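If you use mature numbering (1 follows the signal peptide of the UniProt record, and there is no 0), the sequence shown corresponds to residues -21 to -1, 1 to 588, in order. Glycine included, C-beta positions come from ideal geometry on N, C-alpha and C. Predicted model only: the values in this text are computed from it and were never measured.
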Amino acid sequence: MRAALLAGGAALALSSTFVLAQSAPESLLPPGFDDPAPTPSPSPTPTPRPTATSTAAPAPSATNTPVVQPLPELDVADIELPPNLPSLEELEAMDTDELDELLGLKPRYDIPPAARRSLAEVGVLAPEEGGFATASLAAQPASLVRAALAGTRGPLVSRWGHILLRRALASRLAAPEGMDPVDFAALRAATLNSIGEYTAARAIAQDIDTSNWNGALTGAALDAYVATGDIVGACPAVQLQGSDRDEARWQLWRSICSAFAGQGVRAGTELSRALSRGTAPAIDVLLAQRYAGAAGSGRRAVTLEWGEVNEITPWRFAVATAVGAEIPENLLADPEPYYQRVAAVAPMLAPMARAAGADRAGREGILSASAMVDLYSQIYAIEGIEGPAAETATSLRAAYVGEPAARLAAMQEIWGASDSSAYGRLVLTAYAAARLRPSEDLADAAPQLIASMLAAGLDRDAMEWASVVEQGSEAWALLALAQPDARDSIGGGPLDSFIDADESSGQRKSRFLVAALAGLGRIDGDTAQSYSDRVGIDLSRQTKWMRTIERAADVDNPALVALLAGLGMQGEGWDRMTARHLFHIVSALNRVGLSAEARMIAAEAVARA
């Protein structure tokens, strides 16, 4: 190579001399090169063209011999190779992503710099859209916010508490000082997953560029994508991270994404290899093959073999639902709450299949009253169907268009049992109940009608029954808590009557009523203390959580109060809630301007106790 460089340099020097010789500069060539031998004069007669013969070159003199340093001898054993260099066999087994990562060809970002989004504010609900103030948690201790989010890992007892917590988690917020914004988003997405709000969790993850995802956010996002059946939606993150994860689900996911990226042959090979090697259970691989096959032109037939499958998993439910595969009835005979929540909001399922989980989704706050009405309206429009869902749809129509007495009877058929599981049916009939005019003839059903209206937040409609209900009744108690513009304190007479007639377990309704009235400030301190002693509760005793939520109310921080309220309302039923917890939750919410939520939570507690 050095000789070639010298030759190139000589040629460059010759050409440079030719150009610069027009002004006769000083020659830059070595001695002897600027005095060529004179060319002989041409002969007048043509001579034969000489043949090419090799002549011996004159021996160079010692004065004009160029000096070239010899290359040092190099021993191959002295070369230091990178550690953990793959063998040829390992290189042949690597896929494209792994090779790109090994060779440094894997891109760090999949979005142009000008299009990358800021992490200063993450969320989908702006303040002008009903979200909390962007800087609500920016000045709060990161450890406190982290503890509140990490500690909320289950459904809430209150439908209205669920709605409030979802609003706080989906708000466009700045991360607390000292907390990584991606970690903050990961905690929020994981909390949304834990309460069944998978669509909102996916939206939080999608608000951050996939190149910025860390392990925690990736895990929460993948759970949300599975729950919503959006397998391909996660492909940008899956393809960008490549082989960063090694669990079986991740490998199947990568193959599916390869198929939808136009690499059908590669995806088929990988999935066939996974099936033969037992990378994942056979049914999981077969479902992945069926899903990946939808992206190719061949559309190879895949037979799903459910015979040896003993349980359903989120991955199996999601992929089978997405490809339209029928899941055996025995696997869904007694579904866990997860599958009821997922099915209730799955758009690819038939309305009849969604209705199975609608009651749970309604009472937990995942589905609104109007969404439930829309679902059963679709069921009613299907001709020739039978079953409980069809009967409920027929009764719901009668609850809207029949005579007043017939409409009430139709609603009572929908309500069915009086246990807490029927609260979802109260949500379903909320707008039908609001259409009934108050009447003393319907006073016996007033508690259910009022509870139904309040389940959808129709407090103004519910207050129209104030002149009909009896003082001291359960309907009176619900209105006493729900009335928006309370100015006078609640008298002791009706409260005494309510407590005397309370037949709930452990007088839980009376305990909740006293605690909620005290939290809303609708009974004075002495009255609250007197009735607290009567029903056996101590509102003055505090725990660390109670002191924290009271402190958050003292500094007027609604978002932090909402997070702490959600932390204190975890549980499957209202038997997990204490009157003291209810008092501090209602009081803190009322003090920071969330009085509507405080009133609805208080009324719900008495209705469902």
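Asked                                                                                                              : Found
Endpoints, alpha helix (DSSP H) assigned at Asp503                                                                 : Element bounds for Asp503: n/a, residue is neither H nor E.
Boundaries (first-last residue) of the alpha helix (DSSP H) holding Gln185                                         : 177 to 185
contact_flag[the region 543 to 553, the region 136 to 146] where n(CB pairs < 8 Å) is 3 or more                    : yes
Cβ-based burial, Ser431 [other Cβ within 10 Å; buried from 16]                                                     : buried
Per-residue DSSP class, three states only, for Thr30                                                               : Any reading at Thr30 needs caution, since the residue's pLDDT is 48, under 50, leaving its predicted position unreliable; the model's value is listed next. It is coil, neither helix nor strand.
Contained alpha helix (DSSP H) runs [length at least 4] in the region 445 to 527, N- to C-terminal order           : 453 to 461, 471 to 480, 487 to 499, 504 to 514
Integer-rounded CB distance, given that Ala588 should sit under 8 Å from Arg487                                    : 4 Å
Beta-carbon proximity of Ala413 to Leu437, cut-off 8 Å                                                             : yes
Assumed close pair Ala494, Ile516 - CB separation to whole angstroms, cut-off 8 Å                                  : 6 Å
Collapsed DSSP secondary structure at Ser150 in the structure displayed                                            : strand
Alpha helix (DSSP H) segment containing residue 635, residue limits                                                : The requested residue 635 is not part of the displayed model; the chain covers only -21 to 588.
The region 348 to 361 / the region 375 to 395 touching (three or more Cβ pairs under 8 Å)                          : yes
Unbroken alpha helix (DSSP H) run spanning Gly194, endpoints                                                       : 194 to 206
Under the three-state DSSP convention, the category Leu328 falls into                                              : coil
The region 287 to 301 in contact with the region 312 to 327 per 3-pair CB rule at 8 Å                              : yes
Beta-carbon spacing of Ser237, Arg245 below 8 Å                                                                    : yes
Counterpart residues of Val101 in DSSP-defined beta bridges                                                        : Leu152
Gln549 in three-state terms, based on DSSP                                                                         : strand
Buried/exposed call for Ser397, threshold 16 Cβ in 10 Å                                                            : Low per-residue confidence applies at Ser397: pLDDT is 49, beneath 50, and the placement is therefore not dependable, though the value from the model is reported in the following sentence. By the 10 Å Cβ count, Ser397 comes out exposed.
Cβ pair count under 8 Å reaching 3, the region 530 to 540 against the region 501 to 511                            : no
Val298: first and last residue of the uninterrupted alpha helix (DSSP H) it sits in                                : 293 to 302
Residue burial classification, Asp420 (beta-carbon count within 10 angstroms, cutoff 16)                           : exposed
Residue nearest to Phe562 in terms of C-alpha spacing, selected from Gly550, Leu458, Ser489, Val534                : Ser489
Selection from Ala322, Ala434, Ser452 that minimises the alpha carbon distance to Ala206                           : Ala322
Close-in-space but distant-in-sequence residues of the same chain around Met331 (CB under 6 Å, 5 per side omitted) : Ala368
Residue nearest to residue 599 in terms of C-alpha spacing, selected from Ala127, Arg151, Leu499, Leu128           : In the structure as shown, the chain starts at -21 and stops at 588, and residue 599 therefore has no counterpart that could be examined.
Three-way DSSP call (helix, strand, coil) for Leu135 in this model                                                 : strand
Proximity winner among Ser483, Ile564, Asp535, Val514, relative to Gln521 (alpha-carbon distances)                 : Ile564
Leu67, DSSP secondary structure in three states                                                                    : helix
Alpha-carbon to alpha-carbon, Arg224 and Pro120                                                                    : 32 Å
Beta-carbon proximity list for Ala445, same chain, < 6 Å, skipping 5 on both sides                                 : Leu458
Endpoints, alpha helix (DSSP H) assigned at Met442                                                                 : 438 to 442
Spatial distance of Gly472 from Ser483 (CA atoms)                                                                  : 20 Å
Contact under 8 Å by Cβ, Leu104 with Val161                                                                        : no
Contact check, Ala267 vs Ser222, beta carbons under 8 Å                                                            : no
Check whether Arg439 and Leu415 have beta carbons under 8 Å apart                                                  : no
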